[in-house]
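Read left to right, the sequence shown gives residues 8 to 119 (the working numbering).
Even glycine gets a Cβ: it sits at the ideal position worked out from N, Cα and C.
What follows is one structure encoded as structure tokens, with my remarks underneath.
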Amino acid sequence: MADAPGPGESLVRKEPNVPVEDPITSRSSSAWMLLCALLLTGTIVWSLWDEAFGQRPWKGMQKAFVARYSRYLDSIKADAGKSEKEIKESAEYQQLEAEEAAARDQVKDELG
8 MADAPGPGES LVRKEPNVPV EDPITSRSSS AWMLLCALLL TGTIVWSLWD
58 EAFGQRPWKG MQKAFVARYS RYLDSIKADA GKSEKEIKES AEYQQLEAEE
108 AAARDQVKDE LG
């Protein structure tokens, strides 16, 4: 026959109350934190260097282009208004402008 529990005993066996080793309180994680902080700092330094110097070899070419193009624009600045004036005085431009004015007159009532 099976042993019947006595008075005050239960069918469930209880484990002894031994504290379980908690990895958070029993070991220090400062070494891992230091390692991660150093890795993150190194990554930030590398990425800033790479952004400023590593991936931008065209910065010198860009400065040279700006200087040359500025000189070119300054050299043609005096002739800029002349070519526009010549185009507006041409017969073809006058004809296109007259057609545009006529088309605007046709739809003037529809536009409001």
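Item, Value
"Inter-residue spacing [alpha-carbon to alpha-carbon] between residue 31 and residue 37", "11 Å"
"Backbone CA spacing between residue 118 and residue 108 [nearest angstrom]", "14 Å"
"Helix, strand or coil at residue 56 according to DSSP, with G and I counted as helix", "helix"
"CA-to-CA distance, residue 113 to residue 106, given in whole angstroms", "11 Å"
"Which of helix, strand or coil DSSP assigns to residue 84", "coil"
"Span separating the alpha-carbon of residue 33 from that of residue 42", "20 Å"
"Residue 115 - containing alpha helix (DSSP H), residue span", "115 to 118"
"Residue 92 (DSSP reduced to helix, strand or coil)", "helix"
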